[in-house]
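One line per chain: the protein sequences are A and B, in this order. So the first sequence is numbered by this note's numbering: it starts at 1 and just counts up by one. So the second sequence is numbered by this note's numbering: it starts at 1001 and just counts up by one. C-beta atoms are modelled at their ideal positions from N, C-alpha and C, and glycine is treated no differently.
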Amino acid sequence: MTRFDLDDDSVVVIVGSGAGGGTLANELTQKGLKVVLLEAGKQQSTAAFVNDEWASFSQLAWLDKRTTSGSWQVAKDFPNLPAWVCKTVGGTTTHWAGASLRFQEHEFRARSTYGDVQGANLLDWPLTLAEMEPFYARAESKMGVTRTNGIPGLPGNNNFKVMYAGAQKLGYKECHTGRIAINSRPRDGRPSCLQLGFCFQGCKSGAKWSTLYTEIPKAEATGRLDLRPESHVLSIEHNGAGKITGVVYADAGGAHQRQKARVVAVAGNSIETPRLLLNSASSTFPDGLANSSGMVGRHYMRHMTGSVYAIFEKPVHMYRGTTMAGIVMDEARFEPSRGFAGGYEMETISLGLPFFAAFLKPGAWGADFTHFMDNYTQIAGMWLVGEDMPRDTNRVTLNADVKDQYGLPVANVHYDDHPNDIAMRGHAFAQGERLYRAVGATKTMRTPPYPSTHNLGTCRMSDDPKLGVVNKHGQTHDIANLFISDGSQFTTSAAENPTMTIVTLAIRQSQYIAEAISKQEV
Amino acid sequence: MPRTPSESTMTRGTMLQGTGVLMGTLAASSVLASLAPSRTWALPLHALSQAEGETILQFGRVLYPHKALPTAVYALLVKDLDAEAVRDAGVAALLREGSASLDAASGGKFVSASSAKRLAAVKHIEGTPYFSKVRSTCITSLYNNEMAFAHFGYQGPSWPKGGYLHRGFDDLTWLPKPPASASPPAAG
Ligand SMILES: Cc1cc2nc3c(=O)[nH]c(=O)nc-3n(C[C@H](O)[C@H](O)[C@H](O)COP(=O)(O)OP(=O)(O)OC[C@H]3O[C@@H](n4cnc5c(N)ncnc54)[C@H](O)[C@@H]3O)c2cc1C
Ligand code: SF4
């Protein structure tokens, strides 16, 4: 196992080993750079994963305290669990479902396309789809995305069959088993999907891409990765010239360690990333690192979400097989005549009995609720996910009244749905219900948003240092050797699930970092 | 792990005030009869009294009324709350006072009130900390155990059985089969 010295100031330190951090670590070590990858969580394995929803949740999820505010329903239903994300080596790519879609061309130009939506702070990305395409292609190949690179789609399960039949009745044209980072054929040393139905609990077969058993071991094989699990970064430090010098982290025993660095890249997911920058405030940077614009923590996005579950007269057994088994893409287009800007995807979802009870309708009781539980085997389900509006008031801030186990202020996550989000959710719920009723649903349930699985935008990307935290390479405008490498960079959220775009940005960023280091620019 | 209240020995912690044992019998026809070590079950209580245990059990039935779900599953709610009350005196007090409030709201004994009166009593205390505690515990106690899995038809861990690839992931036949372009065949 490679170990670099705490005083080695030639290393790149990456905070967080999920989609962004794990990918960046692999890309940089392949290019010959030395990387210290600091991960707050423990290291698990496909063997250690469990086919048990609550047990898996306590094994992998981020359970450190957080608080919420705002009018979003999550604040009411899950006041201390604003987000469903992981704290483990591999980050949330252990729990994720694998849906991997490119953004659409116009989504990189949200401000130009949607116009000035009141109460939103839309911007165009400083990047275009054309610039992203070569890197998207590399991400698809790396992740083994079905329906790309000649990889066949996955076979549809029962839940998909219901979605497909309903989609035909509604005249939808684009419905299939999706583009998904789950092996439909053995590939890259990993087997094909066994249709276990526990994608959200860590894939025990390893068919699903996760940095835990793809990017990270590949990086380790170069001999240039020093992975340190149970290493929780508390602050990022700088010198008198305002240049980053390293990080301080708490090790497994709670002792503080100071790791020097040439470059620091933060990929803690969009709640912890801004929290770390804000908790690193100093006399030089009293408002937190890289925050001269005041934008750190603002424009928190979580996607418009919701689910529809429907009861049928005959069996479905939705829990068998891949969780996101298929997709309807027709509503993802830009079509303002529907009464909102942006679009949404409809993707199958299934929950095991324990999570179904917990998430179907939080707080509900009585006969309407038990009717759904009683018909558990005859239910089909879909998740609705669409572009939400960035708002400077939707925001991750430090909650000075609540401290974590290290005595640091926790993150407060504030979110108010924009009228556009509400209009889109209403449309999506109605379409989901129509789809299921068209094939015989006897009852449907509009399930409110789960804690945020997609967390975006809190260090947004813009060419203008007054409007954004990072440039088009994820480099902070204020500090040349400080990078953001996760979904915090997103300028807007687009309709698609975000992870493949996070991976794409990390691949692209790795080139820029390697060049900047070789040219002595950082 | 099957969480079946078994016919265990009825030892009670000497320093604890529990005074109750909840007992019942699974119907021979129940799918659960084969899961339980015995059809009869007994749940010794360690912090709650028998009356409190019975009140909470009936409260669970009003909150989540499943006609065919055996009492043995609802007893898990009492078991979990009793265990919490052993660890936390505040919870013990909450459950004690809360159960009394249900009696008061039903103008006598909650457990022997008519079903209409029970529902009214529960609605009366909706939103109280006691209500929230019992309701939220129901979600895990009632639906996260093997008896509930069997009852509701959820097949639980699939890894030990090789997943559903050869066990019905696509066995639905009451709708047309999607074309291969939308849903290609599995790897051969
Ligand atoms: C149930 C579920 C299903 C999902 N399905 C999909 C899907 O189908 N498609 C899709 O595109 N996306 C999906 N997602 C979202 C996807 O998982 C995330 O977008 C992605 O993992 C985010 O990558 P990241 O690198 O930003 O953060 P993460 O993957 O969350 O990794 C961040 C890591 O940083 C660590 N960390 C944080 N703070 C610190 C610190 N101070 N010090 C050290 N380490 C720290 C965390 O412990 C964590 O391991 C899903 C998510 C969930 C929960
Ligand atoms: S369904 Fe496929 S991807 Fe999901 S957990 Fe199972 S083997 Fe892994």
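Taking 7 Å as the line, does the beta carbon of A/Leu81 fall inside it for any heavy atom of ligand 1?
The count along the first sequence starts at 1 and reaches residue 81 of chain A at position 81. It does not: the Cβ of A/Leu81 is nowhere closer than 7 Å to a heavy atom of ligand 1.
Against B/Thr1140, what residues of chain A qualify as contacts under a CB-to-CB distance less than 9 Å, listed in chain order?
Taking the first residue of the second sequence as 1, we reach residue 1140 of chain B at position 140. Within chain A, the residues near B/Thr1140 are Trp54, Pro354, Ala357 and Ala358.
Whole angstroms is fine: what's the gap from A/Ala48's alpha carbon to B/Glu1097's?
Position 48 of the first sequence, counted from the start, is the residue given in the question as residue 48 of chain A. Position 97 of the second sequence, counted from the start, is the residue given in the question as residue 1097 of chain B. Going from the Cα of A/Ala48 to the Cα of B/Glu1097 covers about 43 Å.
Using a Cβ cut-off of 7 Å, pull out every chain A residue sitting near B/Tyr1130, in sequence order please.
Your numbering for residue 1130 of chain B matches position 130 in the second sequence. Residues of chain A passing the Cβ test: none, with the nearest at roughly 14 Å.
When you compare only the Cα positions, how much space is there between A/Asn471 and A/Pro126?
Start at 1 with the first residue of the first sequence, and residue 471 of chain A comes out as number 471. Start at 1 with the first residue of the first sequence, and residue 126 of chain A comes out as number 126. The straight-line gap from Cα to Cα measures roughly 8 Å.
4-residue-minimum alpha helix (DSSP H) runs that sit fully inside the stretch 354-417 of chain A, ordered along the chain
367-374
Any heavy atom of ligand 1 closer than 7 Å to the CB of A/Ser231?
Position 231 of the first sequence holds residue 231 of chain A. Indeed, a heavy atom of ligand 1 lies less than 7 Å from the Cβ.
For chain A, check one thing: does any of its Cβ atoms lie closer than 8 Å to the Cβ of B/Pro1124?
On the second sequence, position 124 is the one that residue 1124 of chain B refers to. Per the sequence shown, the amino acid found at residue 1124 of chain B is His instead of Pro. Chain A, which has no Cβ nearer than 8 Å to the Cβ of B/His1124, makes this no.
Is A/Cys86 a contact residue of ligand 1, with contact defined as CB to any heavy atom under 7 Å?
Residue mapping note: residue 86 of chain A aligns to position 86 of the first sequence, counting from 1. Under cutoff, so the answer is yes.
Please report how far the alpha carbon of A/Ala110 lies from the alpha carbon of A/Tyr415, in whole angstroms.
The residue you call residue 110 of chain A lines up with position 110 of the first sequence. The residue you call residue 415 of chain A lines up with position 415 of the first sequence. Using only the alpha carbons, I get a separation of about 20 Å.
If you measure from the beta carbon of B/Tyr1154 to each beta carbon in chain A, is any gap under 8 Å?
Stepping through the second sequence from its first residue, residue 1154 of chain B is reached at position 154. Output row for B/Tyr1154: interface = yes.
Could you check if A/Thr322 belongs to the surroundings of ligand 2, using beta carbon to heavy atom distance under 7 Å?
Counted from its first residue, the first sequence places residue 322 of chain A at position 322. Yes, ligand 2 has a heavy atom inside 7 Å of this Cβ.
Could you give the C-beta distance for A/Ser510 and A/Glu27, rounded to a whole number, given that I count them as a contact under 8 Å?
Along the first sequence, one-based indexing puts residue 510 of chain A at 510. Along the first sequence, one-based indexing puts residue 27 of chain A at 27. Right, the Cβ-Cβ distance comes to about 3 Å (below 8 Å), so this counts as a contact.
Can you give me the start and stop residues for the beta strand (DSSP E) that A/Phe606 sits inside?
Chain A is shown from 1 up to 522; residue 606 of chain A falls before or after that span and cannot be answered.
Counting only runs of 4+ residues fully inside the stretch 406-477 of chain A, write out the alpha helix (DSSP H) ranges in chain order.
419-437
With a threshold of 7 Å (Cβ to nearest heavy atom), would A/Gln195 be considered close to ligand 4?
Summarising the ligand content, the structure contains ligand 1 and ligand 2 and does not contain ligand 4.
So is the beta-carbon of A/Ala207 under 7 Å away from any non-hydrogen atom of ligand 2?
Counting from one through the first sequence, the residue named residue 207 of chain A turns up at place 207. Checking every heavy atom of ligand 2 against the Cβ of A/Ala207, one is found closer than 7 Å.
Could you give the DSSP three-state label for A/Gly246: helix, strand or coil?
Position 246 of the first sequence, counting from 1, holds the residue named residue 246 of chain A. It is a strand residue.
For the stretch 43-61 of chain A against the stretch 385-401 of chain A, do three or more pairs of beta-carbon atoms, one drawn from each stretch, fall closer than 8 Å, so that the two count as touching?
no
Min CB distance A/Gln195 to chain B below 8 Å:
For the purposes of this step, residue 195 of chain A is identified with residue 195 of the first sequence, where counting begins at 1. Closer than 8 Å to some Cβ of chain B, the Cβ of A/Gln195 qualifies, so yes.
Taking the CB atoms as reference points, tell me whether A/Ser307 and A/Val74 lie closer together than 8 Å.
By 1-based counting over the first sequence, the position of residue 307 of chain A is 307. By 1-based counting over the first sequence, the position of residue 74 of chain A is 74. No, they are not a contact pair.
First and last residue of the beta strand (DSSP E) that includes A/Ala311?
The residue you call residue 311 of chain A lines up with position 311 of the first sequence. The question names Ala, yet the displayed sequence has Ile at residue 311 of chain A. A/Ile311 -> beta strand (DSSP E) spans Met304 to Ile311.
Go through its chain and collect everything with a Cβ distance to A/Arg434's Cβ below 7 Å, but skip five positions before and after it.
Locating residue 434 of chain A in the first sequence gives position 434, counting from the first residue. Cβ within range, chain order: Leu170.
beta-carbon A/Phe198 near ligand 2 non-hydrogen atom, thresh 7 Å:
For this step, residue 198 of chain A is matched to residue 198 along the first sequence. Result yes, Cβ under 7 Å from ligand 2.
Quick check on the burial criterion: 16 or more other C-beta atoms within 10 angstroms. Buried or exposed for A/His232?
The residue labelled residue 232 of chain A in the question sits at position 232 within the first sequence. That one is buried.
How many Å lie between B/Val1122 and B/Leu1142 at the Cα?
Taking the first residue of the second sequence as 1, we reach residue 1122 of chain B at position 122. Taking the first residue of the second sequence as 1, we reach residue 1142 of chain B at position 142. Approximately 18 Å between the Cα atoms of the pair.
Buried/exposed call for A/Arg258, threshold 16 Cβ in 10 Å:
Residue 258 of chain A sits at position 258 when you count from the first residue of the first sequence. The residue is exposed, with fewer than 16 neighbouring Cβ atoms inside 10 Å.
If we ignore side chains and look at the alpha-carbon of each, how far apart do A/Ala364 and A/Ala358 end up?
Within the first sequence, the letter at position 364 stands for residue 364 of chain A. Within the first sequence, the letter at position 358 stands for residue 358 of chain A. Answer to the nearest angstrom: the Cα atoms are 10 Å apart.
Identity of the residues DSSP links to B/Pro1044 by a beta bridge:
Walking along the second sequence from the start, residue 1044 of chain B turns up at place 44. BP columns for B/Pro1044 point to B/Val1021.
Would you mind telling me which residues of chain B sit closer than 7 Å to A/Trp365, beta carbon to beta carbon, in chain order?
Taking the first sequence and counting its residues from 1, the one referred to as residue 365 of chain A is at position 365. Simply Leu1063, Tyr1064 and Arg1135.
Given this structure, state the Cα-to-Cα distance separating B/Pro1002 from B/Leu1035, to the nearest angstrom.
Reading the second sequence from its first residue, position 2 is the one you call residue 1002 of chain B. Reading the second sequence from its first residue, position 35 is the one you call residue 1035 of chain B. Because the pLDDT of B/Pro1002 is 34, which lies under 50, any placement of that residue in the model is unreliable, and the question is left without a value.
In whole angstroms, give me the CA-to-CA distance for A/Glu220 and A/Leu227.
Locating residue 220 of chain A in the first sequence gives position 220, where the first residue counts as 1. Locating residue 227 of chain A in the first sequence gives position 227, where the first residue counts as 1. Their Cα atoms are separated by approximately 8 Å.
Can you find the residues in the same chain that come closer than 6 Å, C-beta to C-beta, to A/Pro362, ignoring five residues on each side of it along the sequence?
Residue 362 of chain A sits at position 362 when you count from the first residue of the first sequence. Around A/Pro362: Asp77.
Just checking: is the beta-carbon of B/Ala1187 within a distance shorter than 8 Å of some beta-carbon in chain A?
Numbered from 1 along the second sequence, position 187 holds the residue referred to as residue 1187 of chain B. So, interface residue.
The stretch 1097-1112 of chain B / the stretch 1047-1064 of chain B touching (three or more Cβ pairs under 8 Å)
yes
Pick out whichever of A/Leu234, A/Cys86, A/Thr92 and A/Gly242 has its Cα sitting closest to the Cα of A/Asn291.
For the purposes of this step, residue 291 of chain A is taken as the residue at position 291 of the first sequence. Ranking the options by Cα distance to A/Asn291, first place goes to A/Gly242.
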